[in-house]
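Undergrad:
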Amino acid sequence: MKRIILTGGGTAGHVTPNIALLPRLRLAGYDIAYIGSRDGIEKKLIEAQKVPYYGISSGKLRRYFDWKNFTDPFRVIRGFSEASSLMKTLKPDVVFSKGGFVSVPVVMAARRHHIPVICHESDLTPGLANKLSMPAATRICCNFPETVQYLPKEKAVLTGCPIRRELMEGNRTSALTLTGFVPDRPVMLVMGGSLGAAAVNEAVRDALPDLLKRWQIVHLCGKGKVDETLQGQKDYIQYEYIQKELPDLFALCDLVISRAGANAICELLALRKPSLLIPLSAKASRGDQVLNARSFERQGFSMVLEEEELTRETLLDAVRRLSEHRQDYIHAMESCPQSDAVGTILGLIGEVIS
1 MKRIILTGGG
11 TAGHVTPNIA
21 LLPRLRLAGY
31 DIAYIGSRDG
41 IEKKLIEAQK
51 VPYYGISSGK
61 LRRYFDWKNF
71 TDPFRVIRGF
81 SEASSLMKTL
91 KPDVVFSKGG
101 FVSVPVVMAA
111 RRHHIPVICH
121 ESDLTPGLAN
131 KLSMPAATRI
141 CCNFPETVQY
151 LPKEKAVLTG
161 CPIRRELMEG
171 NRTSALTLTG
181 FVPDRPVMLV
191 MGGSLGAAAV
201 NEAVRDALPD
211 LLKRWQIVHL
221 CGKGKVDETL
231 QGQKDYIQYE
241 YIQKELPDLF
251 ALCDLVISRA
261 GANAICELLA
271 LRKPSLLIPL
281 SAKASRGDQV
291 LNARSFERQG
301 FSMVLEEEEL
311 TRETLLDAVR
321 RLSEHRQDYI
331 HAMESCPQSD
341 AVGTILGLIG
351 EVIS
């Protein structure tokens, strides 16, 4: 039996694409194990998938000053030793890494034991963990055409992002029952990420009287960010976070306002949902969301409104223009060639094993 080790963690974005691969890997007869950090978000997510999970020591590699920079290298070294022992015990045929700092010692251990590695980079420019892993990789998958220029030419493969199959199986009728919305008015879905986005929440709520003249709105506003004064507002429903019913909400909505995390926008592309992307400001990050959003804009998949330009007026204008040209965005997404990232990646896995 072919054996694969999956790795990646730190955020849900480094785990959910791995989860998307699981059904096809099982169907293809792979024995699957997962290596992550001992207490990271990946542990709970992977154990829920009934996949054997092995936790190792993990440290973060920071570009800024932090006292943990003096202790975390020792955790990384320990993690490498633990991952190396697991390679000898599990004897995988291949390692697939979705990134995050826990993946670095796993990839390095695989190279030490001459095990082929496939990495996947979600953002337009590679993060630090994947930069460190690149020399050990046999193939490096990416989501954006522009990313190829940042990768070793002989290793780069434009695959797109693996999407969970259940996202494609939503039920519109179930969503209407959940929300209480009527079927003959358009629906907008607002997503600010699992922690919410204060700037997006504020702008949407400020524009709510005008938006509700046309739209029914589902607002995923983040933990602790529900506005109690708007509870019971007609045609507007708030959730801190939603998981099980998300495919149904996608099936219901006609337009999406979202942050520009790579996995989230690739899901919108797969679902053919016209979107207004409001990326996390470069002032608050390394700027990857801005680059992701602008790539989607260039390809005709999304409209972009940067946070620094976000006001009630600019939001209303962007929603109006996006709605008017909705079919143009859908047509562009339907023409995208990266329609089966899972199949492409499984092909690469079989290729590097053989």
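Residues in the sequence shown are numbered from 1 upward in steps of one, following our numbering.
Glycine is no exception: its CB is placed at the ideal position from the N, C-alpha and C atoms.
Quick check on DSSP: helix, strand or coil for residue 139?
TA: Residue 139 sits at position 139 when you count from the first residue of the sequence shown. The answer is strand: DSSP assigns residue 139 an E or B state.
Undergrad: Return the residue from the list 94, 35 and 207 that minimises the CA-CA distance to residue 111.
TA: Mapped onto the sequence shown, residue 111 falls at position 111. When each option's Cα is compared against that of residue 111, the closest is 94.
Undergrad: Look up residue 182 in the DSSP assignment and give the residues it is bridged to.
TA: If you number the sequence shown from 1, residue 182 lands on position 182. Per the DSSP secondary-structure output, residue 182 pairs with nothing in a beta bridge.
Undergrad: In the DSSP assignment, what are the bridge partners of residue 37?
TA: Within the sequence shown, numbered from 1, the residue matching residue 37 stands at position 37. Paired residue(s): 56.
Undergrad: May I ask you to list the residues that DSSP assigns as paired with residue 217?
TA: Within the sequence shown, residue 217 is the residue found at index 217, counting from 1. Answer is 188 and 236, bridged to residue 217.
Undergrad: In terms of residue numbering, what span does the alpha helix (DSSP H) encompassing residue 321 cover?
TA: For the purposes of this step, residue 321 is taken as residue 321 along the sequence shown, with counting starting at 1. 312 to 324 is the span of the alpha helix (DSSP H), which, as asked, contains residue 321.
Undergrad: Excluding the 5 residues preceding and the 5 following residue 285 in the sequence, name in chain order all residues of the same chain whose CB lies nearer than 6 Å to its CB.
TA: Taking the first residue of the sequence shown as position 1, residue 285 is located at position 285. No residues qualify anywhere along the chain.
Undergrad: If we ignore side chains and look at the alpha-carbon of each, how far apart do residue 20 and residue 14 end up?
TA: Counted from its first residue, the sequence shown places residue 20 at position 20. Counted from its first residue, the sequence shown places residue 14 at position 14. Distance between the alpha carbons of residue 20 and residue 14: 11 Å.
Undergrad: In terms of alpha-carbon separation, which member of 89, 38, 47 and 45 lies closest to residue 78?
TA: Position 78 of the sequence shown, counting from 1, holds the residue named residue 78. Nearest of 89, 38, 47 and 45 to residue 78, Cα basis: 38.
Undergrad: Quick test of your reading: residue 239 and residue 211, contact by CB under 8 Å. State the CB separation rounded to the nearest angstrom.
TA: The residue labelled residue 239 in the question sits at position 239 within the sequence shown. The residue labelled residue 211 in the question sits at position 211 within the sequence shown. Incorrect: roughly 17 Å between the Cβ atoms, too far for contact.
Undergrad: Need the endpoints of the alpha helix (DSSP H) that residue 104 sits in, please.
TA: Here residue 104 corresponds to residue number 104 of the sequence shown, with the count starting at 1. Note, residue 104: alpha helix (DSSP H), 103 to 112.
Undergrad: So for residue 342, helix, strand or coil by DSSP?
TA: Taking the first residue of the sequence shown as 1, we reach residue 342 at position 342. DSSP places residue 342 in helix when its eight states are reduced to three.
Undergrad: Thinking residue 174 and residue 288 are a contact (beta carbons under 8 Å), I'd like their distance in whole angstroms, please.
TA: Numbered from its first residue, the sequence shown carries residue 174 at position 174. Numbered from its first residue, the sequence shown carries residue 288 at position 288. The pair is not a contact, with the Cβ atoms about 34 Å apart (cut-off 8 Å).
Undergrad: For my contact list, residue 241 and residue 223 are in at a C-beta cut-off of 8 Å; report their separation, rounded to the angstrom.
TA: Taking the sequence shown and counting its residues from 1, one reaches residue 241 at position 241. Taking the sequence shown and counting its residues from 1, one reaches residue 223 at position 223. Between residue 241 and residue 223 a beta carbon distance of about 6 Å is seen, short of the 8 Å cut, so the two are scored as contacting.
Undergrad: Who does residue 206 pair with in a DSSP beta bridge?
TA: Within the sequence shown, the letter at position 206 stands for residue 206. Residue 206 pairs with nothing; no bridge assigned.
Undergrad: Please return the same chain residues whose Cβ sits closer than 7 Å to the Cβ of residue 294, not counting the five positions on each side in sequence.
TA: For this step, residue 294 is matched to residue 294 along the sequence shown. Cβ neighbours of residue 294 beyond the five flanking positions: 304.
Undergrad: Can you tell me which of the three DSSP states residue 352 falls into?
TA: Translated into positions along the sequence shown, residue 352 becomes position 352. If DSSP states are grouped into helix, strand and coil, residue 352 belongs with the helices.
Undergrad: Check whether the Cβ atoms of residue 138 and residue 352 sit closer than 9 Å, and answer yes or no.
TA: Start at 1 with the first residue of the sequence shown, and residue 138 comes out as number 138. Start at 1 with the first residue of the sequence shown, and residue 352 comes out as number 352. Their beta carbons are under 9 Å apart, which means residue 138 touches residue 352 by this criterion.
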